[in-house]
Every structure is written in structure tokens, then in C-alpha cells.
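In our numbering, the protein residues as written are 21 to 231. All residues carry an ideal CB built from backbone N, CA and C; glycine is no exception. Note sheet for the following structure.
Here you go:
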């Protein structure tokens, strides 16, 4: 009897020493993604700007002492369709890019002519070219110096338009339509040649930094 009691007591001790399964154990999976800020811009001269991606070209045969305008929002100028997924919005900068060289603001002759500088005397008495921007009713803000009148092509990348992300936009996507225009003047003494000028537009995330 005594031995039986001792055996029972040993078994009880063994059961007490066994670990109890954790009633509150859990497993947590964490899924995390990062989406980088991304902005895009497409250029068009006709049709739906959201579907156009080709760079625009404007051409005109001119005579000495004349001027020509491709006015913004007239159907003759260009347009830039901008989208950006950054909640801070976006900037658009413009910079002379003639000869595929950043900072070149002249219209470059194809052979022996004298380069046409950027300028705002556009009445046919001097050779010059300039640009202008306008909002396409999308709530973007145009920098006054480049929207109120034709302005010189900037040598450095310069902000010409911007837009903050629309409050309450569930997709947090900010877009806009910007019209571009150009005006060229040819002096009475400008040499016969073909002259080419380019403006490069760049869209980037973030309102207020101008770059």
C-alpha cells in the first residue's frame, strides 16, 4: 500500500512538470510595399492629350520683317498632359534645349545663318523667339512671368507651372493640362536659312521647390 502511494505521488509530480500549451500564442504576417513618387508628361498638338506621347514640332515658312505665333489654347500651339502620384503635387520646368544641349536658348541655323536669340521684341523689327504657357482649365497654377505675356526661353530649368494634389482625391493622383505657345520674329536683315529652337519641359513631384 505504501509503495502504491509513492508511485501515485511520483506520477502526479511528472504531470505537474509538463508544459501547458500557450492559449494566447499567435502568428503575425506583415505585408509592406513601397511605391516611389512617379510623374509623367506627354506632349501633343492634336487629339486627346492623355493618349499622345510624341514630341511636338511647329514649322512655318517666313519672310524677312514678319512674325508668326502658335498661340497657346488656340489649336495651333502645343499641350502638355501631366500626371503625378505624389501627394505634394507637381512642378513643370522649362529650359532651352536647342541642339540637344541644356541651356541653349537660341534658334540654331542649319548652315550659314546667324543664330536667332530668345527675346520679346516680336514685331518683325528684330529676330527673336519666345514662349508662353496657359492652364487648360485643370486648376494648375501658371507662373505669371510665363503666362501673362511671351517670355524669353530660360537658360536654366525654371518652374513655369505647378499644382498641389487635390484635397479629397481618393486616388491621390494629381493631373493637369498645360497649353504651350511660341512666337517667332524675323528681322529685315536675317539671313536665309532654316532655324531650329527647342524647349524641354520636365515634370517632377513636389510643389514649391521649383526644380
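Would you mind sorting residue i into buried or exposed? The rule is 16 or more other CB atoms within 10 Å of its CB.
{"i": "residue 209", "result": "exposed"}
{"i": "residue 225", "result": "buried"}
{"i": "residue 111", "result": "buried"}
{"i": "residue 198", "result": "buried"}
{"i": "residue 106", "result": "buried"}
{"i": "residue 98", "result": "buried"}
{"i": "residue 177", "result": "buried"}
{"i": "residue 58", "result": "exposed"}
{"i": "residue 221", "result": "buried"}
{"i": "residue 167", "result": "buried"}
{"i": "residue 160", "result": "buried"}
{"i": "residue 66", "result": "Low confidence applies to residue 66: its pLDDT is 49, below 50, so where it sits in the model is not reliable enough to give any reading."}
In the DSSP assignment, what residue or residues form a beta bridge with residue i?
{"i": "residue 79", "result": "Answer is none; residue 79 lacks a bridge partner."}
{"i": "residue 180", "result": "DSSP output for residue 180 lists no bridge partner at all."}
{"i": "residue 136", "result": "127"}
{"i": "residue 210", "result": "The partner list for residue 210 (beta bridge, DSSP) is empty, contrary to what the question assumes."}
{"i": "residue 215", "result": "129"}
{"i": "residue 60", "result": "103"}
Are residue i and residue j closer than 8 Å when you measure CB to CB?
{"i": "residue 207", "j": "residue 142", "result": "no"}
{"i": "residue 62", "j": "residue 101", "result": "yes"}
{"i": "residue 184", "j": "residue 163", "result": "no"}
{"i": "residue 218", "j": "residue 87", "result": "no"}
{"i": "residue 227", "j": "residue 109", "result": "yes"}
{"i": "residue 195", "j": "residue 103", "result": "yes"}
{"i": "residue 136", "j": "residue 124", "result": "no"}
{"i": "residue 145", "j": "residue 171", "result": "no"}
{"i": "residue 174", "j": "residue 76", "result": "no"}
{"i": "residue 138", "j": "residue 148", "result": "yes"}
Kindly indicate the opening and closing residues of the alpha helix (DSSP H) around residue i.
{"i": "residue 166", "result": "164-167"}
Starting from residue i, follow the beta strand (DSSP E) in both directions and report where the run begins and ends.
{"i": "residue 155", "result": "148-155"}
{"i": "residue 99", "result": "98-104"}
{"i": "residue 220", "result": "219-225"}
{"i": "residue 197", "result": "194-205"}
{"i": "residue 89", "result": "87-90"}
{"i": "residue 115", "result": "110-116"}
- Message: Quick check: the stretch 209-218 against the stretch 91-101, are at least 3 beta-carbon pairs closer than 8 Å?
- Response: With the cut-off at 8 Å, the stretch 91-101 and the stretch 209-218 do not touch.
- Message: If contact is defined by three or more beta carbon pairs under 8 Å, each pair taking one atom from either stretch, is the stretch 193-202 in contact with the stretch 146-163?
- Response: Judged by Cβ distances under 8 Å, the stretch 146-163 makes contact with the stretch 193-202, as three or more pairs qualify.
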